[in-house]
């Protein structure tokens, strides 16, 4: 039977304590639930921001690669110099001194500012979306000086091919929270600014970059990481820093107060160039197929030659003439039929003469070497130590000794010397002359000669096979190795056999501190050595068997095989 006596004081205190504990527990649970929800919301926001950054990166690469006139060139940002952020790329006027601040602004989403009359690059299409981070802020964008039009006020467009990746300066540098370099060959960065922190004021019509982009100061030396938004403006460095919510009071790496919530993605020069190479390969492949195949519904420019062209020699630098029976090398991109010509050499009685039947038209220069240094020059000649190089009418002298050439390519010296005919892509030499890559070197008493006998193929780079202007202007043909089975030996590209024609994108020349497996040292171009272009032992052993297409590119391997046919 239950007692009806009231609880004593101790019992009442126990119930109160239980009630208090319950209330505290309920509050703690509510607080933890609120914190969990806030944390989950923040994770969702960060994920959304990074997703948008990735989409913007893909759109920017696609825009640059697909540009009809200047593939690879990137737009200027949308800056506040015109008093607003309107989503249009703001050009750099030729009558204004260049500043690195021109390379930082919001990501342009609408195309080119209609007032840009001298930009030189038509920004014909928007990136496709109004990219904003999870807080609703438009994305920001910084671009390398190496990839924009007219940065030096000359009205020029940059030459963009794999060789630009070896340019030593003016790439953007991205560092981690400790200042360690993640990449120092960055083409562009895209930044989500997040909410304002640390007194940033975004209330004006067009606030400066510093009101959006953040900086971090190291505790060790008090030096801030640099970016375009902060002096000195020539330091193009951006940081993938730690979010303000994740840096506790006991974090000694950074000075306090700590204000940073930028999110960043970047495009390396190699990422951009890999995508560009695929487009260039497709253009070259189509030109080869147009040459081979007859006109049809899907190939209206087909010429129907019925075979792939013979190749020009590696190391070509003058007219890229095809060589009969040469099935490997570089594409014969000359737009006119190559000429046959002969260069002659003679030495005797203290006199040396050299001449070419087509003058300087089919060679790069005539070089004379004497036994002591030249001291003066004139006209189209110049000297470096003992070598006098003439590309037209002119002379080099030392005292009474003179080497001179006229415009017709006839040269004479009143002393004994060694002559080199440069860049003639010769096919034979005799007597006192010998072939050396695309050059011919002649020395010793007596006479000698060298000849270039061209193949009789119809010109490759004409008619329906005409290569796009941007391929020629940016010299993409120098970055592809070409092979065909025209002499009856089929090719192999990885696991694909019986191949009739293929191209290998050679990428940039690999230089120090890396070496290529096929050579064991850095590459140097132009060259007649295959291992200065192709990186693996398989590709460089001249056996008509080449690596598969999808080998991962590394710092000492950047070949990529493209099958042309079948």
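Numbering (my numbering), first residue to last: 241 to 806. Ideal Cβ placement from N, Cα and C applies to all residues, glycine included.
Output yes or no for whether 8 Å exceeds the beta carbon distance between residue i and residue j.
i, j, result
"residue 555", "residue 704", "no"
"residue 563", "residue 553", "yes"
"residue 653", "residue 642", "yes"
"residue 717", "residue 567", "no"
"residue 535", "residue 544", "yes"
"residue 786", "residue 743", "no"
"residue 734", "residue 789", "yes"
"residue 739", "residue 662", "no"
"residue 853", "residue 432", "With the chain covering only 241 through 806, there is no way to say anything about residue 853."
"residue 602", "residue 595", "no"
"residue 445", "residue 323", "yes"
"residue 664", "residue 587", "no"
"residue 400", "residue 437", "no"
"residue 757", "residue 783", "no"
"residue 812", "residue 374", "Only positions 241 to 806 of the chain appear in the structure, and residue 812 is not among them; the question remains open."
"residue 673", "residue 651", "no"
Pull up the distance between the alpha-carbon of residue i and that of residue j, whole angstroms please.
i, j, result
"residue 557", "residue 753", "27 Å"
"residue 426", "residue 617", "43 Å"
"residue 530", "residue 521", "14 Å"
"residue 699", "residue 578", "8 Å"
"residue 296", "residue 771", "38 Å"
"residue 796", "residue 609", "37 Å"
"residue 478", "residue 502", "10 Å"
"residue 471", "residue 680", "At residue 471, the pLDDT of 49 sits below 50, so the modelled position is not reliable; the number obtained from the coordinates is stated separately. Whole-angstrom Cα-Cα distance: 54 Å."
"residue 589", "residue 696", "41 Å"
"residue 804", "residue 572", "16 Å"
"residue 637", "residue 627", "11 Å"
"residue 623", "residue 657", "14 Å"
"residue 440", "residue 766", "52 Å"
"residue 676", "residue 527", "31 Å"
"residue 230", "residue 302", "The requested residue 230 is not part of the displayed model; the chain covers only 241 to 806."
"residue 308", "residue 492", "51 Å"
"residue 414", "residue 344", "15 Å"
"residue 416", "residue 434", "19 Å"
"residue 755", "residue 621", "36 Å"
"residue 613", "residue 635", "14 Å"
"residue 764", "residue 684", "30 Å"
"residue 298", "residue 419", "27 Å"
"residue 519", "residue 712", "14 Å"
"residue 690", "residue 659", "12 Å"
"residue 671", "residue 688", "5 Å"
"residue 500", "residue 314", "28 Å"
"residue 282", "residue 292", "15 Å"
"residue 286", "residue 280", "10 Å"
"residue 494", "residue 559", "59 Å"
Nearest by alpha-carbon distance to residue i: which of the options is it?
i, options, result
"residue 807", "613, 511, 417", "An answer regarding residue 807 cannot be provided, because it is not within the stretch 241 to 806 covered by the chain."
"residue 326", "348, 428, 305", "348"
"residue 759", "740, 781, 452", "781"
"residue 565", "374, 726, 768, 382", "726"
"residue 390", "381, 374, 330, 346", "330"
"residue 715", "684, 665, 747", "747"
"residue 532", "548, 523, 540", "548"
"residue 592", "424, 682, 560, 600", "682"
"residue 802", "408, 504, 580, 720", "720"
"residue 367", "458, 800, 351, 377", "351"
"residue 732", "806, 332, 709, 691", "806"
"residue 310", "670, 453, 709, 409", "709"
"residue 421", "453, 376, 481", "481"
Is residue i close to chain B, meaning its C-beta is less than 8 Å from at least one C-beta of that chain?
i, result
"residue 663", "Absent from the structure: chain B. Only one protein chain is present."
For residue i, write down the residues that DSSP places opposite it in a beta bridge.
i, result
"residue 416", "480"
"residue 458", "494"
"residue 584", "595, 689"
"residue 670", "689"
"residue 513", "Partner(s): none; residue 513 has no beta bridge."
"residue 326", "BP columns for residue 326 are empty, so no partner."
"residue 676", "679"
Within the present structure, is the beta-carbon of residue i separated from the nearest heavy atom of the ligand FMN by less than 7 Å?
i, result
"residue 400", "Among the components of this structure there are no ligands whatsoever, and the ligand FMN is therefore not found."
Residue i and residue j look like a contact to me (Cβ under 8 Å); what is the Cβ gap, rounded to whole Å?
i, j, result
"residue 517", "residue 402", "7 Å"
"residue 328", "residue 388", "Incorrect: roughly 15 Å between the Cβ atoms, too far for contact."
"residue 647", "residue 632", "6 Å"
"residue 372", "residue 342", "So it is not a contact: roughly 23 Å between Cβ atoms."
"residue 604", "residue 582", "Wrong, their Cβ atoms sit about 17 Å apart, outside the cutoff."
"residue 456", "residue 429", "The Cβ separation is near 15 Å, so there is no contact."
"residue 707", "residue 451", "Not a contact, Cβ separation roughly 47 Å."
"residue 423", "residue 508", "6 Å"
"residue 768", "residue 678", "7 Å"
"residue 381", "residue 476", "At roughly 13 Å, the Cβ-Cβ gap does not stay under 8 Å, so residue 381 and residue 476 are not in contact."
"residue 215", "residue 505", "The structure shown does not extend to residue 215, since the chain spans only 241 to 806, so no value can be given for it."
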